[in-house]
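Down below is the structure, laid out as structure tokens.
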Amino acid sequence: MSAATLARELVVAQTRALKLPGIARTFEALARQARDAHWPHEDYLHEVLTAEQASRHESVIRQRLREARFPEVKTLDTFDFTAAEGVSATQIHTLARGEWVTSPENLIFAGPIGTGKTHLAIALGVEATKQKRRVLFTRAADLVRHLLEARDARELTRLQQRLQRVDVLIVDELGFVPFDRVGGELLFNLITDRYERRATVVSTNLAFAEWVTVFAGDEKLTTALLDRLAHHATVITTTGKSYRMRKRRGSTAEVAHAVEEPIASQPDRAGGRRNDDRKGAQGPALPRVAARR
Ligand code: ADP
Ligand code: MG
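Numbering-wise (the working numbering), the sequence shown opens with residue 70 and increments by one.
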């Protein structure tokens with residue numbers, strides 16, 4: 070084994086032992102560059118350390134993205150602002166910078182189904198993970214169910230502490246499923262705990278006046294919850310028709326023109342769409358309460 074090969078083997082072993090994957094990946098190519106361009110040794114060292122830094126930065130972001138449990142990754146560049154009513158591109162791009170997470174402030178997306186609320190909530194969540202924020206996406210019904218289960222298993226405090234560590238908690242689809250009194254109170258406590266400490270995002274198909282229907286008709290609790298949630302909050306009200314419906318109608322018109330039969334009347338096609346929606350409504354489970362001790 071030549072001296073160069075031996076040195077290479079040793080460096081590879083050391084990068085493994087010291088957990089330096091960024092250096093492991095780049096040190097040889099950089100060494101060739103350094104030799105060719107006669108870099109000072111310090112420059113070479115600086116370059117390999119920079120590669121390690123970049124690698125760590127990316128792996129933290131990947132980790133944050135995994136932990137966020139987005140049902141699917143939606144981004145701002147796939148969002149068509151020209152097709153979104155009530156949404157200002159400037160406002161969303163300002164929010165993407167993440168100052169609201171630092172403040173912290175809340176975000177409320179309110180509007181009819183299919184108007185891009187979840188898409189925007191996820192996309193802003195993705196932006197927050199890029200800033201190494203801890204994000205967790207959850208549907209309101211799943212969140213309340215997990216809180217209730219944790220309470221029954223006497224693990225509520227642990228779950229509450231874990232949720233409190235999340236910088237951006239996204240509570241999607243508030244209003245689809247009403248909660249019983251205890252469930253509503255648990256959600257209320259969570260919002261209260263996060264108030265002025267952590268950022269929360271809520272998406273809802275309900276107007277504020279209708280929120281009481283989700284909280285077992287409890288006016289007092291609903292008012293107090295809205296008070297905390299909306300105190301430092303940006304409210305974005307999406308309006309108009311469902312994006313998918315519009316897209317479908319667009320393609321329907323084209324195809325109908327070609328075959329002179331509207332797609333909506335084809336049962337397979339419509340059924341398939343409904344299945345898609347149902348699959349989406351299931352959502353991922355919250356991480357197990359007992360997973361981390
Ligand atoms: P909501 O949460 O308001 O019910 P979603 O955000 O789930 O609506 O939007 C429904 C579907 O339409 C998603 O696949 C989403 O990516 C897409 N969508 C909605 N609005 C837009 C838009 N303006 N540009 C691109 N895709 C959109
Ligand atoms: Mg949604």
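C-beta: ideal position from N, C-alpha, C; glycine also.
Beta-ladder partner(s) of residue i, from DSSP
{"i": "Asn-175", "result": "Ala-302"}
{"i": "Ile-92", "result": "The partner list for Ile-92 (beta bridge, DSSP) is empty, contrary to what the question assumes."}
{"i": "Ala-268", "result": "Val-237"}
{"i": "Thr-207", "result": "Val-240"}
{"i": "Phe-245", "result": "Paired residue(s): none; Phe-245 is not in a bridge."}
{"i": "Glu-154", "result": "Thr-308"}
{"i": "Phe-284", "result": "Phe-248"}
{"i": "Thr-273", "result": "Ala-179, Leu-243"}
Integer-rounded CB distance, given that residue j should sit under 8 Å from residue i
{"i": "Ile-401", "j": "Thr-198", "result": "Because residue 401 is not part of the residues shown, which for the chain are 70 to 362, the question remains open."}
{"i": "Val-195", "j": "Thr-144", "result": "6 Å"}
{"i": "Leu-243", "j": "Val-270", "result": "That pair is no contact at about 10 Å."}
{"i": "Leu-290", "j": "Glu-254", "result": "7 Å"}
{"i": "Leu-99", "j": "Glu-111", "result": "Actually they do not touch by this definition, with Cβ atoms about 13 Å apart."}
{"i": "Phe-206", "j": "Ala-137", "result": "6 Å"}
{"i": "Leu-212", "j": "Val-240", "result": "6 Å"}
{"i": "Ser-311", "j": "Ile-182", "result": "6 Å"}
For residue j and residue i, the rounded distance between their alpha carbons
{"i": "Arg-133", "j": "Ser-124", "result": "14 Å"}
{"i": "Ser-334", "j": "Arg-315", "result": "Caution is warranted here: a pLDDT of 35 is assigned to Ser-334, below 50, making its placement in the model unreliable, and the coordinate value is therefore given only provisionally. Rounded to whole angstroms, Ser-334 to Arg-315 spans 16 Å at the Cα level."}
{"i": "Ala-278", "j": "Arg-297", "result": "15 Å"}
{"i": "Asp-287", "j": "Arg-203", "result": "32 Å"}
{"i": "Thr-74", "j": "Glu-97", "result": "11 Å"}
{"i": "Gly-349", "j": "Pro-140", "result": "Interpretation of Gly-349 is limited by its pLDDT of 37, a score under 50 that renders its predicted location unreliable; no figure is taken from the coordinates."}
{"i": "Val-142", "j": "Ser-157", "result": "21 Å"}
{"i": "Ala-106", "j": "Thr-119", "result": "18 Å"}
{"i": "Tyr-113", "j": "Arg-313", "result": "53 Å"}
{"i": "Ile-191", "j": "Asp-221", "result": "30 Å"}
{"i": "Gln-233", "j": "Glu-121", "result": "31 Å"}
{"i": "Ala-209", "j": "Asp-146", "result": "26 Å"}
{"i": "Asp-262", "j": "Glu-224", "result": "17 Å"}
{"i": "Ser-128", "j": "Leu-193", "result": "19 Å"}
{"i": "Gln-20", "j": "Ile-161", "result": "What is shown of the chain runs 70 to 362, which leaves residue 20 out entirely."}
{"i": "Lys-88", "j": "Phe-150", "result": "43 Å"}
{"i": "Ala-103", "j": "Pro-109", "result": "8 Å"}
{"i": "Ala-93", "j": "Gln-83", "result": "9 Å"}
{"i": "Gly-281", "j": "Arg-85", "result": "Correcting the residue identity first, residue 281 is Val in this sequence and not Gly. Each residue's Cα considered, the two are about 56 Å apart."}
{"i": "Ala-72", "j": "His-126", "result": "33 Å"}
{"i": "Arg-227", "j": "Glu-218", "result": "12 Å"}
{"i": "Arg-135", "j": "Thr-292", "result": "35 Å"}
{"i": "Asn-175", "j": "His-300", "result": "8 Å"}
{"i": "Ala-152", "j": "Thr-163", "result": "19 Å"}
{"i": "Pro-90", "j": "Ala-76", "result": "17 Å"}
{"i": "Thr-231", "j": "Thr-159", "result": "The sequence as given places Arg at residue 231; Thr does not occur at that position. Between Arg-231 and Thr-159, the C-alpha separation is close to 33 Å."}
Near ligand 1: residue i beta-carbon under 6 Å from a heavy atom
{"i": "Asp-105", "result": "no"}
{"i": "Thr-187", "result": "yes"}
{"i": "Phe-257", "result": "no"}
{"i": "Gly-309", "result": "no"}
{"i": "Arg-313", "result": "yes"}
{"i": "Thr-276", "result": "In the sequence as presented, Thr is not what sits at residue 276; that position holds Ala. No, ligand 1 has no heavy atom inside 6 Å of this Cβ."}
{"i": "Ala-137", "result": "no"}
{"i": "Gly-183", "result": "yes"}
{"i": "Phe-148", "result": "yes"}
{"i": "Ala-153", "result": "yes"}
Contacting residues, own chain, Cβ-Cβ under 6 Å from residue i (five flanking each side not counted)
{"i": "Pro-29", "result": "The displayed coordinates of the chain run from 70 to 362. Any statement about residue 29 would go beyond what the structure contains."}
{"i": "Leu-294", "result": "Phe-257, Ile-260"}
Cutoff 8 Å; reference residue i; Cβ partners in own chain excluding five residues on either side
{"i": "Ala-179", "result": "Lys-186, Ser-272, Thr-273, Asn-274, Leu-275, Ala-276, Phe-277, Val-304, Ile-305, Thr-306, Thr-307"}
{"i": "Val-170", "result": "Ala-197, Gln-200, Arg-202, Asp-236, Val-237, Ala-268"}
{"i": "Asp-249", "result": "Ala-285"}
{"i": "Glu-78", "result": "Met-70"}
{"i": "Glu-154", "result": "Thr-184, Thr-307, Thr-308, Gly-309"}
{"i": "Gly-167", "result": "Glu-196, Ala-197, Gln-200, Arg-202"}
Cutoff 7 Å; reference residue i; Cβ partners in own chain excluding five residues on either side
{"i": "His-188", "result": "Lys-143, Phe-148"}
{"i": "Thr-95", "result": "Val-117, Ala-120"}
{"i": "Ala-165", "result": "Leu-145, Leu-193, Glu-196"}
Interface flag, residue i vs chain B, CB-CB below 7 Å
{"i": "Gly-155", "result": "Of the protein chains in this structure there is only one, and it is not chain B."}
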